Amino acid sequence: MDPQARTQRAVEAARDLERADQQSILDTLPALIAYWDRDLRNRLANRVYVEYFGMTPEEIFGRHISEVLGPELYRKNLQYLERALAGERQQFDREIPTPTGPRYTQALYLPDVHDGEVRGIFVLVTDISERRRAELALAQAEARFRTLFEAAPSATLMTDRSGVIVAANRAASRLFGHDTATLERMSIAELVHPDDLPAAMQLREDLFEGRADHHSDEWRYLSALGHTVWAQAEITVVQGAGPDDDAPYILAQLQDTSARKLYEEQLQYVADHDLLTGVLNRRGLTRVLERQAALAGERAGAVLVCDIDRFKAVNDRYGHKTGDELLVHLARLLERNVRATDAVGRLGGDEFAVVLPDLDLVGAQAVGAQIARLLQECDGDPERPWAGIPVSTSVGVAAFVADRSADQVLGEADRAMYTAKAARRAAGRDADDTDDTEGRGFVRAGRRP
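The following block contains the structure:
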């Protein structure tokens, strides 16, 4: 046999041995452990399934979960399975009939998420009545515990009372980008994101003082490169890292959820932003308005509402594509000519709003006049597809005051804008016929009392 073939055979043998070791480790655990793919067919199970369902891992492999649970138990668990496949962590209590009698268990379904896609479900079912005995057995069997610790798919850290990491597995090394030797010299405070650190330190104190015995939450951590890593953390207190060590430690099991958080942030952005112009939509703008209204009386603030005069004429003459280009142009014009702390949003149609924190009516009026002037200056640009139709904007402004809700302030600005538009129509003049503020369609409302 040539050297390459011998090497390949040795690699395969090592892999087989590793898989056998992993299966042996799983089979020593008292809980039901399995992995079910997106079609709810089994890809991994431990031998404890024999005690509950009379089926070995080999008999379970490839079967649909309904064939293992039976129709009644499958019907009860289906809602939790569907939610887990939708990306939601599920935990619930369930009584399971077994050959030796019913067992009351706690089931944990953890979605296996990769790049925003759920590929399957990790299942952990624990006999609650035996939990304490199982924890003690694992704590006393240091060698088996360490093997399981290293083979665990989730990043796992053990820290002492001072916060120093005394044990870290390979999954933790992959998650944080530090080798395990480096991790085991670090403090947990070096890994937790600064914004989450106060809460993390308080939780540690609560756990060690007995005010809490378990915590489950998403936390932000820092990788070796300084990147933010989101992880679902299951945190508890355990006694001792070996037979001669009965000191309390914190055990944290972390599942990387960064991809899911990014996906959620993208969904949130889509939910709060106008697809055509990229500025805030009414939903997103409403949140900003409500925050500003809550500060009324403590700090100044105003809202500016504007729409495009003769917008229908642009649509009628050049088509809706050109009308859309005009809307995008106004959105960019607003963004370029307000501060980074201001918020630009599209209320609908050709109507936009700008929330102007720390600005009074006089300052907001100046912003509105500038926007009206800049839009009006586009009339002579031959590259603008709407250049044949004079384009201007009507603007209304209202101030945030303590006795006005966000809707009321926005309504005042909106009415002021329409008052300006009606006055200009009645006067028979266009925005490009005058240089004065009122002639540009600007009216303010909501003067401070």
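Take the sequence shown: its letters are residues -11 to 437, numbered as in the working numbering.
Ideal placement from N, C-alpha and C gives every residue a C-beta, glycine not left out.
These numbers come from a predicted model, not from an experiment.
Alpha-carbon to alpha-carbon, residue j and residue i
i           : j           : result
residue 107 : residue 218 : 19 Å
residue -10 : residue 154 : 45 Å
residue 335 : residue 74  : 32 Å
residue 145 : residue 190 : 18 Å
residue 332 : residue 303 : 23 Å
residue 25  : residue 51  : 11 Å
residue 286 : residue 277 : 15 Å
residue 246 : residue 199 : 30 Å
residue 310 : residue 404 : 28 Å
residue 368 : residue 105 : Residue placement at residue 368 is flagged as unreliable, the pLDDT there being 49, under the threshold of 50; the coordinate-derived value follows with that caveat. Rounded to whole angstroms, residue 368 to residue 105 spans 51 Å at the Cα level.
residue 72  : residue 33  : 18 Å
residue 209 : residue 181 : 5 Å
residue 49  : residue 252 : 33 Å
residue 221 : residue 203 : 8 Å
residue 308 : residue 373 : 12 Å
residue 18  : residue 92  : 14 Å
residue 64  : residue 14  : 26 Å
residue 174 : residue 152 : 6 Å
residue 243 : residue 96  : 14 Å
residue 177 : residue 101 : 27 Å
residue 216 : residue 250 : 11 Å
residue 409 : residue 68  : 56 Å
residue 322 : residue 377 : 21 Å
residue 77  : residue 70  : 11 Å
residue 306 : residue 159 : 59 Å
residue 385 : residue 263 : 26 Å
residue 140 : residue 11  : 12 Å
residue 412 : residue 406 : 10 Å
residue 288 : residue 327 : 15 Å
residue 429 : residue 362 : Because the pLDDT of residue 429 is 48, which lies under 50, any placement of that residue in the model is unreliable, and the number read from its coordinates should be weighed accordingly. Using only the alpha carbons, I get a separation of about 13 Å.
residue 123 : residue 60  : Confidence at residue 123 is low in this model, with a pLDDT of 48, below 50, so the placement of that residue is unreliable and no value is reported for it.
residue 114 : residue 161 : 28 Å
Closest by C-alpha distance to residue i, when choosing among the options
i           : options            : result
residue 241 : 59, 279, 138, 269  : 138
residue 389 : 365, 356, 380, 346 : 346
residue 142 : 148, 164, 151      : 164
residue 379 : 301, 400, 341      : 301
residue 319 : 269, 305, 248      : 269
residue 201 : 225, 187, 179, 365 : 225
residue 290 : 317, 257, 329, 324 : 329
residue 28  : 37, 46, 57         : 57
residue 183 : 192, 207, 239, 162 : 207
residue 237 : 326, 192, 410      : 192
residue 212 : 267, 179, 205      : 179
residue 343 : 409, 387, 312, 305 : 387
residue 147 : 235, 76, 55        : 235
residue 358 : 377, 381, 113      : 381
Burial state of residue i (16 or more Cβ within 10 Å)
i           : result
residue 255 : exposed
residue 400 : buried
residue 360 : buried
residue 186 : exposed
residue 338 : buried
residue 364 : buried
residue 99  : buried
residue 324 : exposed
residue 424 : Confidence is the limiting factor: at residue 424 the pLDDT is only 38, short of 50, which leaves the residue's position unreliable, though a coordinate-based value still follows. Result: exposed.
residue 37  : buried
residue 355 : buried
residue 80  : exposed
Residue i: first and last residue of the uninterrupted beta strand (DSSP E) it sits in
i           : result
residue 206 : 202 to 210
residue 30  : 30 to 33
residue 324 : Where residue 324 is concerned, there is no enclosing beta strand (DSSP E), although the alpha helix (DSSP H) it sits in stretches over 308 to 324.
residue 270 : Counting along the chain, residue 270 falls outside any beta strand (DSSP E), though it belongs to the alpha helix (DSSP H) covering 270 to 282.
residue 329 : Element bounds for residue 329: n/a, residue is neither H nor E.
residue 387 : 380 to 387
residue 146 : 143 to 147
residue 156 : 153 to 156
Contact test: residue i Cβ vs the ligand HEM heavy atom, cutoff 8 Å
i          : result
residue 31 : In terms of ligand content, the structure shown is empty, and the ligand HEM therefore cannot be addressed.
Limits of the alpha helix (DSSP H) - the one that residue i falls within
i           : result
residue 407 : 394 to 415
residue 439 : Since the displayed the chain opens at -11 and closes at 437, residue 439 lies outside it and no answer follows.
residue 45  : 45 to 48
residue 245 : Taken as a continuous stretch (DSSP letters only), residue 245 belongs to no alpha helix (DSSP H), as it is neither H nor E.
residue 63  : 59 to 73
For the region 293 to 300 against the region 347 to 355, are there 3 or more C-beta pairs whose distance is under 8 Å?
no
Do three or more CB pairs link the region 375 to 394 to the region 272 to 288 at distances below 8 Å? yes
Report task. Please determine if the region 86 to 95 and the region 30 to 50 are in contact, where contact requires at least 3 C-beta pairs separated by less than 8 Å. Result -> yes
Determine, using beta-carbon pairs with one atom in the region 13 to 27 and one in the region 108 to 115, whether at least three such pairs fall under 8 Å. yes
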